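The structure under discussion appears below in the form of structure tokens.
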Amino acid sequence: MRWFSFRSRRNRRTASFDAVWSGLRNLHQARYRTARAGTAPAQAEAWQEAPLPRRSRAFHQALSELWQPSHDLRLRTLHIGGRDIVVAWLNGLTDNERLQAGVFDPLTHADAYASSPEALAQRLTATSITYARTMGECSTALVGGRAVVYVDRSGMALCLDVNRPPGRSVDRAENEPTVQGPQEAMVESLDLNVALLRKRLRTPRLKVETHELGTYSRTQVAILYIEGVAKPALVEEVRQRLQRIRTDIITDINHVREHITDAPFTLFPTTEETERPERVAGNLMQGRVAVIADGSPTALLVPVTFFNFLLSPEDYYTQFTLALPLRLIRHTMFWAAILLPALYVAVLSYNQDLIPTPLLISVAAQHAGIPFPTVAEALIMMFSFEALREAGTRLPRAVGQSVSIVGTLIIGDAAVRAGLVSPGMIIVIAATGVASFTLPGLGLVQTTRLLQFTFVLLAGFLGLYGIILGLMFLLGHLVSIRSFGVPYTSPIAPFIWQDMKDVIIRAPWWVMRERPRQYETLDPVRSPSPPPAKTKEPR
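Numbering of the sequence shown is given in our numbering, commencing with residue 21 and proceeding in unit increments.
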């Protein structure tokens, strides 16, 4: 027994020693991985700070070794004015006509001006010329569609704007279609998107600040605001959040959105996306800030409230008396898209006394022979509807709409004939889908699709009490959200009477004289125009 106790204590000490040793080994490996992760990028990016070589041959060789193997890199050495001049560009990112007219043609007549880059810059006819003194600056200029001109023994290169970035032209808005109003949509070019906004806001007070994000992609991300209207603290907050982003690549504005959002784990979007430039311009004049990225056809608008997602661009292109019923329909359809299946499940499962007797008899006859309970029946049909809608989205446009519509009709009819679901459930799920289609904000549509399942589960377990409990949590969560310092439920909570002119209703333009107070703009007056005067009848 004594030997067994000693053996037991020895085993415990050995196990304890092994655990400590394993912990130290894991800690050492973690520190080693952390050290490698911290030093590898620094070593990999050390070439960016390397100064340019003095001789043109060394510059040619260094640039070739840095970019090899890259078949799109073009290097050409010219002997002008007793000096060698190296011209480098990336094929496909530059315009050959601009390259010939702005670089090579002036170089052939620059014999006496090739002594220094400064003197040579006065002879070149490119629209924009900058200077580069490191290999990193030269590489950034090349991927930006610029031609790099290096003069022998200068230690400095000229970067000339001859870019022709691949992209599409301005097209119609597809995600936010309207019958009336402008039809232009933003594209994947940052410069072209800024030009679309300059076209609508012809004022020098429209400020465009660019930031370079992504250690490898070096994506240009721009902050746009109206100086003298937007709150300076808001602009500074957006600027600081962008500067805190540390990532290797930015391919879309949604990458930026996840980094700067206030509540990353909420189902409700705290930034608004739009592809319509006139919408961006209108929101900038309200004191909001826009963020756009090169390579993305959408813009982010901050701050945002819940009611912004229920506004349609077409509200401002129709008469204000017609916009009121349309907005009321959208507000009603939002809550219908969330609560309609849950109410159907709760009433049939727990509160049949709320149904009129003739209707109850009809519904009971429909559910006779259905092998699933009402909550399971609703979940199955909702899941099938979402699967068909997702399939229609992923398929080509010409085929996707046919699959989503025809597939829904065929599957619904087959399910009713097979006795798997009741006709009433098909009607409820179809009405819920139609209600979600009326919402103009894509981010809010995805939120309603997830909340539908949550409320159906609550209704299946607790009935109407579950729906009421879910609504309490939902409203409490909405009140707790803030978007760049602005309450998410403003101007309802907190209540701002002056801002109610453009929430549920759309007041006439001559009534909305002030900008929204919830954004705390510097210039509160938007339109001091008086109401239209009645014309006198001629005598």
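Don't be surprised by glycine CBs; every beta carbon is placed ideally from N, CA and C.
None of these values were measured; they are calculated from a predicted model.
Between residue i and residue j, is the Cβ-Cβ spacing less than 8 Å?
i: V163; j: R238; result: yes
i: P297; j: L216; result: yes
i: L221; j: L144; result: no
i: Q240; j: G156; result: no
i: T452; j: L346; result: no
i: G307; j: T541; result: yes
i: S316; j: I273; result: yes
i: A242; j: L210; result: yes
i: G165; j: R74; result: no
i: F504; j: D282; result: yes
i: R184; j: T230; result: no
i: M520; j: P514; result: no
i: P552; j: W530; result: yes
i: V107; j: H80; result: no
i: G122; j: L83; result: no
i: E534; j: P550; result: no
i: N111; j: R94; result: yes
Rounded to whole angstroms, what is the Cα-Cα separation between residue i and residue j?
i: A78; j: I149; result: 23 Å
i: G201; j: Y485; result: 45 Å
i: R225; j: L363; result: 51 Å
i: D172; j: S76; result: 5 Å
i: R45; j: Q260; result: Note on R45: pLDDT 45, under 50, position unreliable in the model; the coordinate value appears next. Rounded to the nearest angstrom, the two C-alpha atoms are 39 Å apart.
i: E334; j: Q203; result: 11 Å
i: H351; j: L330; result: 7 Å
i: L399; j: V322; result: 35 Å
i: E256; j: E295; result: 24 Å
i: D444; j: M402; result: Looking at the sequence itself, residue 444 is Gly, so the reference to Asp does not match. Using only the alpha carbons, I get a separation of about 13 Å.
i: A407; j: G427; result: 10 Å
i: D373; j: T267; result: 58 Å
i: V228; j: V300; result: 13 Å
i: A177; j: P460; result: 50 Å
i: S442; j: S369; result: 14 Å
i: Q518; j: Q538; result: 10 Å
i: P71; j: Y151; result: 13 Å
i: T474; j: F285; result: 16 Å
i: P391; j: R437; result: 13 Å
i: T341; j: V324; result: 25 Å
i: N328; j: V523; result: 8 Å
i: I280; j: V214; result: 21 Å
i: I381; j: N371; result: 14 Å
i: T271; j: I447; result: 41 Å
Give the secondary structure of residue i by DSSP, where H, G and I count as helix, E and B as strand, and everything else as coil.
i: L320; result: strand
i: N328; result: helix
i: T452; result: helix
i: H129; result: coil
i: A167; result: strand
i: L512; result: A quick correction: the sequence has Ile, not Leu, at residue 512. Three-state DSSP puts I512 in coil, outside helix and strand.
i: K251; result: coil
i: N116; result: helix
i: N111; result: coil
i: V300; result: helix
i: R526; result: coil
i: D211; result: helix
i: E534; result: strand
i: L93; result: strand
i: P361; result: helix
i: D433; result: helix
i: E232; result: strand
For residue i, collect the residues of the same chain with a Cβ closer than 7 Å to its Cβ; drop the 5 residues on either side in sequence, then sort them by chain order.
i: R277; result: T291 and L320
i: Y52; result: Any reading at Y52 must be qualified, since the residue scores a pLDDT of 41, below 50, and its modelled position is unreliable; the value itself is stated next. Excluding positions up to five away in sequence, the list is empty.
i: R192; result: Q203 and A205
Closer than 6 Å by C-beta to residue i: which residues in its own chain qualify, once you throw out the five before and the five after it? Chain order, please.
i: Y337; result: Q200 and G201
i: G463; result: P289
i: A455; result: M353, A356 and A357
i: V395; result: V365 and G480
i: A343; result: D335 and R526
i: D104; result: S76, T97 and D172
i: G490; result: F475 and L478
i: I312; result: N213, A242 and A319
So, at 8 Å on beta carbons, what are the nonlocal neighbours of residue i in its own chain, with the 5 sequence-adjacent residues on each side left out?
i: L119; result: W109, A167 and V182
i: V476; result: P361, A362, V365, V395, A398, L399 and M402
i: L498; result: F288, F326, Y508 and T509
Should residue i be listed as close to the ligand MN, given that the test is whether its C-beta is under 7 Å from any heavy atom?
i: G439; result: Inclusion of the ligand MN in the displayed structure is not the case, the ligand content being empty and no account of it being possible.
With 16 as the cutoff for other CB atoms within 10 Å, does residue i come out buried or exposed?
i: D92; result: exposed
i: I563; result: Residue 563 lies beyond the residue range present for the chain, which begins at 21 and ends at 559; the question has no answer from this structure.
i: F124; result: exposed
i: H99; result: exposed
i: P536; result: buried
i: S136; result: exposed
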